[in-house]
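**Q**
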Amino acid sequence: MRSGLIATSLTLGAATAWADERVWQFRVLLDGDEVGTHSFRVSEDPARGAREVRSEAQFTVRFLFVNAYRYAHEAREQWQGDCLARIEARTDDNGDILTVRGERRENGFAVEGPKGRDLYANCVMSFAYWNPRMLRQTRLLNSQTGLWQDVRIDARGEETLAVRGTPIKTRRYALRGEDLQIDLWYTDADDWVQLESRVAGGRTLRYQRL
Numbered sequence: 004m005r006s007g008l009i010a011t012s013l014t015l016g017a018a019t020a021w022a023d024e025r026v027w028q029f030r031v032l033l034d035g036d037e038v039g040t041h042s043f044r045v046s047e048d049p050a051r052g053a054r055e056v057r058s059e060a061q062f063t064v065r066f067l068f069v070n071a072y073r074y075a076h077e078a079r080e081q082w083q084g085d086c087l088a089r090i091e092a093r094t095d096d097n098g099d100i101l102t103v104r105g106e107r108r109e110n111g112f113a114v115e116g117p118k119g120r121d122l123y124a125n126c127v128m129s130f131a132y133w134n135p136r137m138l139r140q141t142r143l144l145n146s147q148t149g150l151w152q153d154v155r156i157d158a159r160g161e162e163t164l165a166v167r168g169t170p171i172k173t174r175r176y177a178l179r180g181e182d183l184q185i186d187l188w189y190t191d192a193d194d195w196v197q198l199e200s201r202v203a204g205g206r207t208l209r210y211q212r213l
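4 is the number of the first residue of the sequence shown in this note's numbering; add one for each residue after it.
1. For the putative contact between residue 176 and residue 157, defined by C-beta atoms under 8 Å, what is the C-beta separation to the nearest angstrom?
2. Which one or two residues does DSSP pair with residue 103 in a beta bridge?
3. Buried or exposed: where does residue 184 fall if 16 or more other Cβ atoms within 10 Å of its Cβ makes it buried?
4. Using only CA atoms, which one of 202, 93, 142 and 83 lies nearest to residue 58?
5. Distance check for residue 191 and residue 172, CA to CA, integer angstroms please.
6. Would DSSP call residue 167 helix, strand or coil?
7. Could you work out which residue in 85, 100 and 115 is closest to residue 135 when comparing CA atoms only?
8. Residue 125 and residue 104 look like a contact to me (Cβ under 8 Å); what is the Cβ gap, rounded to whole Å?
9. Using C-beta distances below 8 Å, list every residue in its chain close to residue 7, excluding the 5 sequence neighbours before and after it, in chain order.
10. For residue 172, write down the residues that DSSP places opposite it in a beta bridge.
11. Are there 16 or more other CB atoms within 10 angstroms of the CB of residue 28, so buried, or fewer, so exposed?
12. Quick check on residue 139: does DSSP put it in helix, strand or coil?
13. Between residue 198 and residue 32, what straight-line distance do the alpha-carbon atoms span, to the nearest angstrom?
14. Express the C-alpha separation of residue 112 and residue 121 in angstroms, rounding to a whole number.
15. Go ahead and pull the three-state DSSP assignment for residue 116.
16. Pull the bridge partners of residue 126 from the DSSP assignment, please.
17. To the nearest angstrom, how far is it from the Cα of residue 70 to the Cα of residue 64?
18. For a test of the three-state rule: what should DSSP assign to residue 50, helix, strand or coil?
19. Our contact map puts residue 49 next to residue 22 with C-beta atoms below 8 Å; I'd like the distance itself, whole angstroms only.
20. In the DSSP assignment, find the beta strand (DSSP E) that holds residue 199 and state where it starts and stops.
Structural data, given as structure tokens:
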């Protein structure tokens, strides 16, 4: 299944000539210890209003020099404007394999995921942290579960962060929902530079921009 997902994504990417491309690369820390990376590659053609997003995450948590937990996530998304047009995602959560597929149709966004099939609104957004318009949403599609989750996103003021060793003024936002406690930081230019999330066991997962 994994090879099929990757092959499809590579074919889609090769068939389209993109006018612009941006990459968000993050170091991932768990309670201050580095455990992996997560990258987001966004290819865009403003003239067509089209985007393709490829994200890849790899985490390994070690305990007493043994790999105690592994996590890998791959997602390929196609967007038309700020509406998700198609998604294919695969998650390996320490051996538990979860797949999500979805596409925009005339009657809504159809999704097939670990909990079955569902049909959502015609225009949905995923947890697209790279797109500041995500901050205006009240529901977001989870690419790991396939669920369209209720969320609340509130501004929490300004903070100065060290990004690549340089102090930068940022705006902080709190994203909350069922089993979700995420904080996000953006520059004045709406560039996403950090994420912090409370995860199982009360531990803190942090993304630092590379």
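Ideal placement from N, C-alpha and C gives every residue a C-beta, glycine not left out.
**A** Reading it off the structure:
1. 7 Å
2. 92
3. exposed
4. 93
5. 7 Å
6. coil
7. 85
8. Between residue 104 and residue 125 the Cβ distance is about 17 Å, and since that is not below 8 Å, they are no contact.
9. Only weak support is given to the placement of residue 7: the predicted model assigns it a pLDDT of 38, under 50, and the question is left unresolved by the model.
10. 163
11. exposed
12. helix
13. 10 Å
14. 8 Å
15. strand
16. DSSP lists no partner for residue 126.
17. 6 Å
18. coil
19. 6 Å
20. 195-202
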